[in-house]
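Each residue of the sequence shown is one higher than the one before, starting from 1 at the first, in full-length UniProt numbering. What follows is one structure encoded as structure tokens, with my remarks underneath.
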Amino acid sequence: MSEYLVIVESPAKAKTIERYLGNKYKVKASMGHVRDLPRSQMGVEVEKSFEPKYITIRGKGPVLKELKTAAKKAKKIFLAADPDREGEAIAWHLAHSLDVDIHSDCRVVFNEITKDAIKESFKHPRPINMDLVDAQQARRILDRLVGYNISPLLWKKIKKGLSAGRVQSVSVRLIIDREKEIQAFIPEEYWTIEGEAVKGKSQFRAAFHSILGKEKIELHSEEDVQNVLKQMEGNQFTVTAVTKKERKRNPAPPFITSTLQQEAARKLNFRAKKTMMLAQQLYEGIELGKEGTVGLITYMRTDSTRISDVAQGEAAKYIQDEYGEQYLKEEQRKEKKQSGAQDAHEAIRPTSTFRDPNSLKEFLSRDQLRLYKLIWERFLASQMAQAVMDTMSVDLQNGNVIFRATGSKIKFPGFMKVYVEGSDDQVEERDNMLPDLKVGDEVFQKDIEPKQHFTQPPPRYTEARLVKTLEELGIGRPSTYAPTLDTIQKRGYVALDNKRFIPTELGEIINEAIQEFFPDILDVEFTARMEKGLDYIEDGKIRWVEIIDEFYKDFKVDLEKAEKEMESVEIKDEPAGEDCENCGSPMVFKMGRYGKFMACSNFPDCRNTKPIVKEIGVTCPNCKEGNIIERKSKKKRLFYGCDRFPECDFISWDKPLPRNCPKCETYLVEKKLKKGVQVQCPNCDYKEEQQS
1 MSEYLVIVES
11 PAKAKTIERY
21 LGNKYKVKAS
31 MGHVRDLPRS
41 QMGVEVEKSF
51 EPKYITIRGK
61 GPVLKELKTA
71 AKKAKKIFLA
81 ADPDREGEAI
91 AWHLAHSLDV
101 DIHSDCRVVF
111 NEITKDAIKE
121 SFKHPRPINM
131 DLVDAQQARR
141 ILDRLVGYNI
151 SPLLWKKIKK
161 GLSAGRVQSV
171 SVRLIIDREK
181 EIQAFIPEEY
191 WTIEGEAVKG
201 KSQFRAAFHS
211 ILGKEKIELH
221 SEEDVQNVLK
231 QMEGNQFTVT
241 AVTKKERKRN
251 PAPPFITSTL
261 QQEAARKLNF
271 RAKKTMMLAQ
281 QLYEGIELGK
291 EGTVGLITYM
301 RTDSTRISDV
311 AQGEAAKYIQ
321 DEYGEQYLKE
331 EQRKEKKQSG
341 AQDAHEAIRP
351 TSTFRDPNSL
361 KEFLSRDQLR
371 LYKLIWERFL
381 ASQMAQAVMD
391 TMSVDLQNGN
401 VIFRATGSKI
411 KFPGFMKVYV
421 EGSDDQVEER
431 DNMLPDLKVG
441 DEVFQKDIEP
451 KQHFTQPPPR
461 YTEARLVKTL
471 EELGIGRPST
481 YAPTLDTIQK
491 RGYVALDNKR
501 FIPTELGEII
511 NEAIQEFFPD
521 ILDVEFTARM
531 EKGLDYIEDG
541 KIRWVEIIDE
551 FYKDFKVDLE
561 KAEKEMESVE
571 IKDEPAGEDC
581 ENCGSPMVFK
591 MGRYGKFMAC
601 SNFPDCRNTK
611 PIVKEIGVTC
621 PNCKEGNIIE
631 RKSKKKRLFY
641 GCDRFPECDF
651 ISWDKPLPRN
661 CPKCETYLVE
671 KKLKKGVQVQ
681 CPNCDYKEEQ
691 QS
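Below, the structure written as structure tokens:
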């Protein structure tokens with residue numbers, strides 16, 4: 001008989017941990033929470049200090065029965081759910097269900113599933129931390145009060161199946177506000193003057209900077225450009241200033257949950273939900289042949305960049321062995337603790353630096369390996385020396401006109417030898433060194449070319465940008481981002497267009513209703529203050545009931561007002577512009593689980609449905625008869641094809657445009673790039689200026 005019972009959340013972890021602990025331990029999985037608020041009712045006694053009414057989750061009876069049977073046979077029970085608020089609450093619920101004294105040393109936490117970490121954690125069991133439990137309870141009750149009061153109101157006044165929540169409602173508001181900014185944006189004209197400068201056999205780009213004796217000048221019109229060009233005398237320039245500097249660049253800190261989601265979106269094109277699913281698999285353990293199941297990364301829900309001394313030492317040895325002593329940090333930089341970070345555990349890192357991605361190729365799926373490689377490289381780079389850049393700036397003068405050229409060269413790559421952080425806005429750094437110039441040198445500049453530009457509106461939110469914004473505003477926590485983004489799409493409040501969020505009509509209607517009657521729910525600062533309040537509960541600085549009570553006083557008033565004054569809104573099905581081929585009734589657009597589709601308005605008498613065919617307004621360049629429509633591959637990848645298929649087999653991964661190439665008369669396409677889109681010809685080298 002096993003002397004000790006250990007309860008974790010997932011079966012994958014249970015198997016690994018049991019092998020590490022030995023015969024005296026029996027490890028079982030609770031499969032997450034065993035108790036929760038009931039789904040069929042509020043489950044919160046508002047008049048009794050917001051006392052929650054917990055019940056066994058439907059379907060968890062057999063699991064709980066099995067755990068109780070095992071608990072009766074055990075000498076001692078250890079609760080080893082995940083090391084965060086949610087995990088602490090799961091442990092507390094298990095303790096209640098299994099009659100475990102919460103004040104006893106029953107709680108075990110570990111940040112990584114490795115033999116050493118597991119064995120060490122069992123040397124230091126502790127009581128359940130009720131401050132952590134109360135912080136989780138407060139969030140759950142807050143969300144229940146908001147969701148179970150506003151959602152039925154929206155069902156009654158607008159449409160069934162709608163929902164509202166603190167973080168999801170603010171997310172939708174941010175997307176809608178950005179769309180309003182874009183629509184209200186008025187482009188401003190500006191010009192640049194650039195040319196190719198030649199010195200001997202070297203060529204480099206230089207651009208207009210200023211007029212002698214004046215600060216940098218902005219060119220707002222063609223007239224401004226002509227005024228500059230009139231002051232130039234030929235194409236001969238004299239070097240009047242050369243500035244050389246050495247610039248040092250620090251590596252990015254190791255990943256926290258939000259930065260992992262952002263970088264996986266930028267570099268791997270992963271959605272937040274997919275990133276977290278893969279990270280969970282890497283954390284819980286992968287079968288590594290003779291080595292057995294091993295957890296490959298530390299816990300993936302964290303907002304701390306802290307790294308243990310052991311991990312730092314292991315990384316330093318690896319760096320010294322693989323790259324040389326010069327690639328080690330001069331000193332261990334102390335990463336700044338992020339404002340509001342719980343710092344409950346470490347950053348996301350590999351459990352062993354020596355387990356490099358190449359050694360895991362045969363054991364991981366393609367996507368698991370790509371994510372592991374990203375985490376491994378980011379962590380290793382964070383422990384490496386600074387990169388050193390040589391930068392050079394040169395002023396070239398023609399009459400009173402000053403052109404400027406800048407360049408940089410990597411003098412010492414440091415951490416950049418392993419990894420460079422991606423960005424939504426900037427191009428990654430690369431060599432662009434100027435020739436060795438000195439004051440007085442003559443430079444010939446050819447092809448001086450004025451170009452007209454227009455300022456661009458702020459970009460729509462990608463998943464990565466939205467996560468970054470929510471984090472910067474202090475809204476939500478690591479565990480909330482992925483499910484929030486998933487929910488607002490499933491509810492039909494927003495849609496993804498070219499991987500960027502756009503609000504739907506339904507989303508705007510819901511946002512307007514909540515904005516009018518529940519302004520606090522959509523107030524960014526209010527929501528951020530609520531998050532800080534939850535942090536204060538966790539730190540033991542305030543009782544959870546006080547936070548809930550303070551919120552509910554005003555919320556109750558708003559709720560009563562909304563019940564009386566919110567007007568009903570009828571959301572009519574949008575006509576599809578065609579009739580049902582079965583019964584002749586008009587077809588309409590409807591929103592389903594997987595997005596919009598066409599359905600017969602005579603439902604339920606006629607159940608005819610079909611997918612939406614979206615024309616893009618382009619005649620097929622192949623057969624000249626059909627129209628180009630959007631299609632999706634089996635892997636849900638968007639492509640474009642002729643609506644006369646299979647008679648015409650034209651397809652294109654890039655979106656065809658309704659105009660032809662000025663060089664060869666072939667159709668043009670809009671090609672998606674990492675940093676925007678570019679109009680190109682698929683037949684020749686014609687390209688237009690890239691747009692973000």
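Think of the CB as a built atom: it goes at the ideal place given N, C-alpha and C, for glycine as much as any other residue. Values in this document were obtained by computation on a predicted structure and should not be read as measured data.
Whole-angstrom C-beta distance between residue j and residue i, which should lie under 8 angstroms
i    : j    : result
K655 : C681 : Contact flag wrong, Cβ pair sits at about 14 angstroms.
W155 : L162 : 6 angstroms
S304 : A264 : The pair is not a contact, with the Cβ atoms about 19 angstroms apart (cut-off 8 angstroms).
Nearest residue (CA-CA) to residue i, options the options
i    : options                : result
M392 : S382, R404, Q386       : R404
F110 : E615, R301, R178, I286 : R301
E187 : F50, K438, Q452, K590  : It should be noted that the sequence gives Pro, not Glu, for residue 187. The candidate whose alpha carbon is nearest that of P187 is Q452.
M433 : F526, S408, L470, E181 : S408
Q236 : L466, A206, K214       : A206
K632 : K26, D520, I651        : I651
G440 : Q397, L473, V569, T469 : Q397
V63  : A95, L37, K48, K28     : K28
D105 : R126, E86, D99, Y493   : R126
R140 : L219, S202, K53        : K53
V225 : K214, H209, G213, E215 : H209
Residue i (DSSP reduced to helix, strand or coil)
i    : result
A344 : The predicted position of A344 is uncertain, since its pLDDT is 48 and thus under 50; a value taken from the coordinates is nonetheless stated next. The answer is coil: DSSP assigns A344 none of H, G, I, E or B.
E615 : strand
Q183 : helix
I286 : strand
L79  : strand
G87  : helix
F110 : coil
S601 : coil
I211 : strand
E218 : coil
E688 : coil
A241 : strand
L268 : helix
V100 : coil
N149 : helix
Y461 : coil
D224 : helix
L668 : strand
K663 : coil
According to DSSP, residues forming a beta bridge with residue i
i    : result
S408 : T391
V8   : A29
M384 : L328
Q452 : W191
A495 : I502
I55  : D36
F204 : A197
F354 : DSSP lists no partner for F354.
I297 : P350
Y640 : E630, S652
L470 : DSSP, once it has assigned bridges, lists no residue as partnering L470.
E45  : E51
L522 : L522 is not bridged to any residue.
E535 : Here the sequence assigns Asp to residue 535, which means Glu is not the residue at that position. The partner list for D535 (beta bridge, DSSP) is empty, contrary to what the question assumes.
R247 : M389
Residue j beta carbon less than 9 angstroms from that of residue i
i           : j    : result
I448        : L229 : yes
residue 740 : S352 : Lying before the first or after the last residue shown, residue 740 is absent from the chain, which here runs from 1 to 692.
R637        : M416 : no
D84         : E9   : no
V242        : D395 : yes
M232        : V443 : no
V239        : K438 : yes
A70         : L21  : no
E88         : R107 : yes
P621        : Y667 : yes
L288        : L369 : no
L282        : L296 : yes
S276        : Y327 : Rather than Ser, the amino acid found at residue 276 in this sequence is Met. No, Cβ-Cβ distance for M276 and Y327 is not below 9 angstroms.
T527        : R178 : no
Beta carbon proximity, residue i to chain D, threshold 9 angstroms
i    : result
C583 : Note that chain D does not occur in the displayed structure, where there is just one protein chain.
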